[in-house]
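Trainee:
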Amino acid sequence: MTRDEEIHERISAALAAPEDSDERWAQVTALHYLDTDPSFDAAVALCESPEPVRRQLGVDILAQLGTRKTGDDRVIFDRPHCDRVVDLLRQMLKSEAQPTVLASIAYADEISAAPRVSPAGAG
């Protein structure tokens, strides 16, 4: 399976899972760790969808895209796309009206201001 196929499959699985389910968040977390330009582009495309559930998923992916663990289980929040994510969130706030999407934007904004390294189990 190619990386692009994996991204597509994980997004499809996340959309099929119940909102806030462990299954959905497992897919979102896996997408955070994939951190590639195609992952970023796929999440941005979700944010541009007319469907709120897709926009929410896009924001949830972008919130921690680039997260990874070190060999000693520290969580690193590299988030190389952070500046572009913040710009996108600001644009979304200008027109977004769906409470679930707004909640995800608020969480993503909070995460974007967080320290970039945390101990294992945090973040």
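The opening position of the sequence shown corresponds to residue 18 in my numbering, with each subsequent residue numbered one higher. For glycine and all other residues, C-beta sits at the position ideal for the given N, C-alpha and C. Quick caveat: nothing in here was measured; it's all calculated off a predicted structure.
In this structure, does DSSP put R96 in helix, strand or coil?
Mentor: coil
Trainee: Inspect the CB distances between the region 67-82 and the region 45-57 and report whether three or more fall short of 8 Å.
Mentor: yes
Trainee: Can you list, in chain order, the residues of its chain with a C-beta nearer than 6 Å to that of V102? Leave out the 5 residues immediately preceding and following it.
Mentor: L79
Trainee: By DSSP, does R20 sit in helix, in strand, or in coil?
Mentor: helix
Trainee: Given a cut-off of 7 Å, decide if T87 and F94 are closer than it, judged by their beta-carbon atoms.
Mentor: no
Trainee: Expressed to the nearest angstrom, what Euclidean distance is found between the alpha-carbon atoms of D104 and V118?
Mentor: 16 Å
Trainee: Per DSSP, R101 forms a beta bridge with which residues?
Mentor: Beta-bridge pairing links R101 to no other residue.
Trainee: With DSSP collapsed to three states, give me the class of T46.
Mentor: helix
Trainee: Under three-state DSSP, which class holds R91?
Mentor: coil
Trainee: What's the gap between the Cα of E36 and the Cα of V70?
Mentor: 9 Å
Trainee: Could you have a look at T117 and say whether DSSP puts it in helix, strand or coil?
Mentor: helix
Trainee: Where does the unbroken beta strand (DSSP E) through T84 begin, and where does it stop?
Mentor: T84 to K86
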